[in-house]
Ligand code: SAH
Ligand code: SF4
Ligand code: F3S
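In our numbering, the protein residues as written are 7 to 479.
What follows is the structure, encoded as structure tokens:
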């Protein structure tokens, strides 16, 4: 038995004893801030907690244990955490035996950690991103000793330790779809971005470990898998295995036939290879969608961002992709108000947006991240000006996204229905929501026994953020 499994058992015994005393099962709240990597880490944390005998709760005031998995990619992610943590302070004042744990990216960021230590003394455990696997031991020590524990490493642990945490599968937010880490950290150092500082240098997970996890997921009923990395296109497992090779293996590995759809994100434009386009064309399991962050359409800004492609490179790349796969959808990320961005630079972004025909975009106001090169650059854009550009960007983007969606009307798309529609756009119990192969959200009429099964859906209408349709029997 591993050391951490021993501590899982120890906490489980404590919980059993406690449940016998109080007459109720202890409850844990896990709240995720940030990206899909954090959400995926939270699933593993939930697996560990369920092994320890914790039940789940969404309400902080009923939680015996609250774990906040933090993000620091933009300032508002941090502010969101501080707001939630303030609320926990009040609850903990009434309930001294409650435990609060912080993990995730903020804990690795010097200034944020300092503020947490200074202003939030009621937090019991602070655990960095490189050693999440040690959660059971630290939680146990906190339950026994009751003093604050802070454990932050400055660099990643080795691949074996990483696998120890990876092996904690079992809890998934959806039974029929799963995320799988294929790499950790990031080696790109975009000048605005904090991720490389808080997630470390880029490490690729071995193909054997990835394929073993996929076989387990397939046996557990998973039908769709999302391969995760900050820049999947730079996957490099040595021995000539690059991302395109890995994808091909993922599609063809015996024992994973039940996995019908494969997605991946994120793709950095500078590393997207011809081999990847060829594999996407060849392998029907791979979803016809690429999330290809543009960040800016101005070559001058892209250079200052250290993105390593020009406006022309980006436009040429999407032409090549569309030529090979005319039915593909492209989505993107765009940052507005990067230091030194002029009206002319911003116009270049609008220009690319008009030409690229994105089917979706995440748009962000530049947020200064302490310690990154961009934080010290000249020409920080005043917030009012950045805000104005942001609105103008949406005014160009939204009608284009709608136009892309309108092209789908009358076609039949393969959708994996995930939930009964809670959006209220087409009320009634026979409305389901899922994603098409091209990643667009689809609300459609169908019996609820379609949940979790790929369903052909005839598209009958659309709005900017979703398609509407009916299941085809
Ligand atoms: N690795 C991924 C994205 C990770 S962060 C990639 O490179 O595509 C997700 C998005 O957050 C980025 O694409 C970028 O658009 C945005 N982002 C990152 N740092 C930011 C900052 N300091 N201010 C505003 N947006 C930022
Ligand atoms: Fe950040 Fe750039 Fe790495 Fe993405 S590729 S995580 S934006 S440094
Ligand atoms: Fe945030 Fe960390 Fe993801 S900073 S975006 S949770 S890698």
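We put the CB at the ideal spot given by N, CA and C, even for glycine.
- For residue 462, the enclosing beta strand (DSSP E) has its first and last residue at 461–468.
- Residue 405 and residue 360 have their C-alpha atoms some 10 Å from each other.
- Scanning its chain for C-beta atoms nearer than 8 Å, with the 5 sequence neighbours on each side dropped, one finds around residue 22 the residues 59, in chain order.
- Distances from the CB of residue 462 to the heavy atoms of the ligand SF4 are all 7 Å or more.
- Beta-bridge annotation (DSSP): residue 142 is not paired with any residue.
- For residue 254, the enclosing alpha helix (DSSP H) starts and ends at 249–258.
- Distance from the Cα of residue 178 is smallest, within the candidate group 281, 128, 65 and 45, for 45.
- Counting the other Cβ atoms within 10 Å of the Cβ of residue 164 gives fewer than 16, which makes it exposed.
- By the beta-carbon neighbour count (other beta carbons within 10 angstroms, threshold 16), residue 365 is buried.
- Annotation for residue 146: 13, 16 and 17 place their beta carbon closer than 6 Å to its own, counting only its chain and skipping 5 residues before and after.
- Each residue's CA atom was taken as its position, placing residue 478 and residue 344 some 46 Å apart.
- Judged by DSSP secondary structure, residue 230 falls within the beta strand (DSSP E) whose first and last residues are 230–234.
- For residue 72, the uninterrupted beta strand (DSSP E) segment begins and ends at 71–76.
- At the C-beta level, residue 174 and residue 128 stay beyond 8 Å of one another.
- Rounded to whole angstroms, residue 267 and residue 383 show a C-alpha spacing of 43 Å.
- For residue 132 against residue 156, the beta-carbon gap comes to about 5 Å, under 8 Å, which counts as contact.
- At least one heavy atom of the ligand SF4 lies closer than 7 Å to the C-beta of residue 274.
- Within the DSSP secondary-structure output, residue 424 pairs in no beta bridge.
- Residue pairing by DSSP places residue 109 opposite 75 in a beta bridge.
- The DSSP-derived three-state label of residue 477 is strand.
- With a cut-off of 8 Å on Cβ pairs, the region 331–342 is in contact with the region 283–298, counting three or more such pairs.
- Distances from the alpha-carbon of residue 77 to those of 186, 203, 166 and 184 put 203 closest.
- By the Cβ rule, the region 410–421 does not count as touching the region 370–384, because fewer than three pairs are nearer than 8 Å.
- In this structure, residue 44 has its beta carbon at no less than 7 Å from each heavy atom of the ligand SF4.
- Shown here, residue 65 sits in coil according to DSSP, grouped into three states, outside any helix or strand.
- Proximity to the ligand SF4 was defined by a C-beta distance below 6 Å to any of its heavy atoms, and the residues meeting it, in sequence along the chain, are 192, 194, 195, 196, 199, 201, 202, 236, 237 and 274.
- Each residue's CA atom was taken as its position, placing residue 109 and residue 181 some 25 Å apart.
- One alpha carbon belongs to residue 312, the other to residue 154, and they sit about 40 Å apart.
- Scanning the region 161–212 for uninterrupted alpha helix (DSSP H) segments of 4 residues or longer gives 165–172 and 201–205, listed from N- to C-terminal end.
- With fewer than 16 other Cβ atoms inside 10 Å of its own Cβ, residue 290 counts as exposed.
- Of the candidates 439, 72, 234 and 321, the residue whose Cα lies closest to the Cα of residue 37 is 72.
- Residue 441 is not a Cβ neighbour of residue 476, given a cutoff of 8 Å.
- Beta bridge pairing from DSSP links residue 360 with no other residue.
- Nearest to residue 216 by alpha-carbon distance, out of 199, 184 and 205, is 184.
- When C-beta atoms of the region 134–151 are compared with those of the region 87–102, fewer than three pairs fall below 8 Å, so the two segments do not count as touching.
- Closest in C-alpha terms to residue 32, from the list 39, 57, 8 and 438, comes 57.
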